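Here's the structure we're looking at; comments come further down.
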Amino acid sequence: MDTWELGEGYALAVKYIDTSSDPRKARLVLSRNGVDLDDVWLSSGNAYRYFQPGETGTPKLITYLDAVFAGATVDVIQLRNTVFVSDNVTQIKKGDRLGVFNVTIMDPDRIELKNREPIELKAGSRINLFGNLSFFVENSDELRFYPANMAGAQMDPGKVTVNETSDNPDVTIQVVSSPIAGRTERAAGFQAIISLAALVAVYRIKCRK
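The working numbering applies: residue 2 is where the sequence shown begins, and numbers increase by one.
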């Protein structure tokens, strides 16, 4: 059973993949600190939403089961458009410095961060952006990467500098996936469109047969 660590003790795991059904489906288990919170079957092409007990407004977690792949020894699911809402909100102001980023635009509905130096997306690498937010790059010839709330190889020795905020910023980053010829890509001028307290990702979870 492969597990996606979402942060703040939350984790999403695939317990079983059914490739014989139509549509194909997967059994997902959401837990926090090792305690199961939800256990659901999700069909390919459908979205999963988890609400905190007693809440009906914004879901704590949303994810979309984009595809289910059947392999000879390993089955794989692909999740897209995942939004994880943090319990800890950080106030960010224009001009703040967050790890490798500078806050360049601060609007009511979005925050735009720009990296000061190119970000090298090297196959098999883990790149720390700021705080515990990192990029994980899949070790393959196809460029595929996703953000995770875990520490990685620090790109910039500078510390996160935020005016009158906590030390654990929470953001949303939209991730793209595209084929490349080589195993390394330098993303010069990469722009991350950031929203508070969420995480958007393309993520694949494997389940061994």
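Just so you know, even glycine gets a beta-carbon here, dropped at the ideal spot from N, CA and C.
Values in this document were obtained by computation on a predicted structure and should not be read as measured data.
If I follow the unbroken beta strand (DSSP E) through residue i, where does it start and stop?
| i | result |
| --- | --- |
| K115 | R111 to N116 |
| R50 | A48 to Y51 |
| N129 | R127 to F131 |
| A73 | Where A73 is concerned, there is no enclosing beta strand (DSSP E), given that its DSSP letter is neither H nor E. |
| T105 | F102 to D108 |
So is residue i in contact with chain B if we call contact Cβ pairs under 9 Å?
| i | result |
| --- | --- |
| D3 | In the structure shown, chain B does not exist; there is a single protein chain. |
Quick one: residues in its chain with C-beta nearer than 6 Å to the C-beta of residue i, no 5 flanking neighbours on either side, listed in chain order?
| i | result |
| --- | --- |
| M107 | K95 |
| A82 | Ala is not the amino acid found at residue 82; the sequence shown has Asn there. Y65. |
| Y11 | R33 |
Who does residue i pair with in a DSSP beta bridge?
| i | result |
| --- | --- |
| G8 | Y11 |
| P148 | F136 |
| S87 | S87 pairs with nothing; no bridge assigned. |
| L31 | L13 and D39 |
| I63 | R50 and V84 |
| R25 | Partner(s): none; R25 has no beta bridge. |
| S45 | Paired residues: none, contrary to the question. |
| E56 | The partner list for E56 (beta bridge, DSSP) is empty, contrary to what the question assumes. |
With burial defined as no fewer than 16 other Cβ atoms inside 10 Å of the residue's Cβ, what is the status of residue i: buried or exposed?
| i | result |
| --- | --- |
| V104 | buried |
| D76 | buried |
| N116 | buried |
| P54 | exposed |
| T4 | exposed |
| A68 | exposed |
| S179 | Note that S179 scores a pLDDT of 34, beneath 50, so its modelled location is shaky; the value from the coordinates is reported in the next line. Exposed, by the Cβ-count rule. |
| G125 | exposed |
| F102 | buried |
| V36 | exposed |
| P148 | buried |
| R50 | exposed |
| A71 | exposed |
| S22 | exposed |
| D88 | exposed |
| S141 | exposed |
Between residue i and residue j, which are expected to be in contact by the criterion C-beta below 8 Å, what is the C-beta distance as a whole number of angstroms?
| i | j | result |
| --- | --- | --- |
| L66 | L43 | 5 Å |
Excluding the 5 residues flanking residue i on each side, which residues of the same chain have their C-beta closer than 8 Å to its C-beta?
| i | result |
| --- | --- |
| M156 | With a pLDDT of only 40 at M156, under the threshold of 50, the placement of this residue in the model should not be trusted; the figure read from the coordinates follows. G100, V101, E118, I120, I128, N129 and L130. |
| L62 | L7, Y11, L13, L31, Y49, R50, Y51, T83, V84, F85 and V86 |
Apart from the five residues on each side of it in sequence, which residues of its chain come closer than 7 Å, Cβ to Cβ, to residue i?
| i | result |
| --- | --- |
| N47 | L66 |
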